[in-house]
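Novice: Here the sequence shown is numbered in our numbering, starting from 11 and rising by one per residue. Glycine included, each C-beta is placed from N, C-alpha and C at the ideal position. My structure is below; once you've seen it, I'll send some questions.
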Amino acid sequence: VMLAELVPTDGRGAASDNPRFVYTDAPAVDARDPTTARRLLDFLGARGLLDAAAVERAAGVQHETRQRIDVVISELGLLPTKEFFSVLSAYFGYPILAEADLPAFPVLEKELSGNFLRRNGLLPIELAGDTVIVATTDPFNSDALAAVAYLVDRPVAPRLISAQSFALAMERLYEPNAK
């Protein structure tokens, strides 16, 4: 069974300096799950990014609507998008990719279809030794990262990419004649 580097945390949702490895068939990180939501909200509160009232308000809305916690935080306007993206990077321990980090050519294009990548917000960045570096627009989608690890039979080192950078990269790499 292949391992995939997914969420380097201390087991309670707090970031850890020691990356943790999970099996490719590990349980998903469900952004709609109240426990997952609470972990992220506590992470935000502990860092002083949300006060106790905002944490409870977001937890209540998420519990009532069962929306993804990232959507709730965004819709309530609790954090600016750019700041929230940085928070997700810290929470999951996934570095944020810049435009300069994106590949010039498709990586693993024979193993991973453009359709699969687009549907899951994934972009293979490079093969680094025995590991494949994969950018994701959705760090909660651990199932997709685990699927990549399984399909390419290599550990995955996740990175974050903004939705805008992802769309531009997908168009450039997988749809060059679309314009």
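Output yes or no for whether 8 angstroms exceeds the beta carbon distance between Pro-116 and Leu-183.
Specialist: Cβ atoms of Pro-116 and Leu-183: closer than 8 angstroms.
Novice: Do you know how far the Cα of Glu-119 is from the Cα of Asn-130?
Specialist: Cα to Cα, Asn-130 sits roughly 15 angstroms from Glu-119.
Novice: Taking DSSP's pairing of strands, which residues face Arg-169 in a bridge?
Specialist: Paired residue(s): Ala-145.
Novice: Would you mind sorting Ser-152 into buried or exposed? The rule is 16 or more other CB atoms within 10 Å of its CB.
Specialist: When all chains shown are included, Ser-152 counts as buried.
Novice: Quick check on Ala-63: does DSSP put it in helix, strand or coil?
Specialist: Three-state result, Ala-63: helix.
Novice: Please classify Thr-146 as buried or exposed, where buried requires at least 16 neighbouring CB atoms within 10 angstroms.
Specialist: Per the 10 Å Cβ criterion, buried.
Novice: Please return the same chain residues whose Cβ sits closer than 8 angstroms to the Cβ of Leu-98, not counting the five positions on each side in sequence.
Specialist: Correct list, in chain order: Asp-80, Tyr-104, Pro-149 and Leu-170.
Novice: What three-state label does DSSP hand Ala-114 in the structure shown?
Specialist: Coil at Ala-114, not helix or strand.
Novice: Name the residue from Val-142, Lys-92, Arg-76 and Asp-52 whose alpha carbon lies nearest to the alpha carbon of Asp-40.
Specialist: Answer by Cα proximity: Arg-76.
Novice: For the ligand HEM, is there a heavy atom less than 7 angstroms away from the beta-carbon of Pro-165?
Specialist: In terms of ligand content, the structure shown is empty, and the ligand HEM therefore cannot be addressed.
Novice: Considering Cα atoms alone, identify which of Ala-179, Ala-138 and Ala-177 is closest to Pro-168.
Specialist: Measuring from the Cα of Pro-168, the nearest candidate turns out to be Ala-138.
Novice: Pick from Ala-157, Val-142 and Pro-134: whose alpha carbon is nearest that of Met-180?
Specialist: Of the listed residues, the one whose Cα sits closest to Met-180 is Pro-134.
Novice: Could you tell me whether the Cβ atoms of Leu-178 and Val-158 are closer together than 8 angstroms?
Specialist: It is not a contact, given that the beta carbons lie outside the stated cut-off.
Novice: I'd like to check one pair, Arg-164 with Val-142: are the Cβ atoms closer than 8 angstroms?
Specialist: Going by C-beta atoms, Val-142 is nearer than 8 angstroms to Arg-164.
Novice: DSSP on Leu-86, reduced to helix/strand/coil?
Specialist: It is coil, neither helix nor strand.
Novice: Does DSSP put Ala-133 in a helix, in a strand, or in coil?
Specialist: At residue 133 the sequence reads Leu, which differs from the Ala that was named. DSSP places Leu-133 in strand when its eight states are reduced to three.
Novice: Using a Cβ-Cβ distance cut-off of 8 angstroms, determine whether Ile-143 contacts chain B.
Specialist: Among the chains of the structure shown, chain B does not appear; only one protein chain is present.
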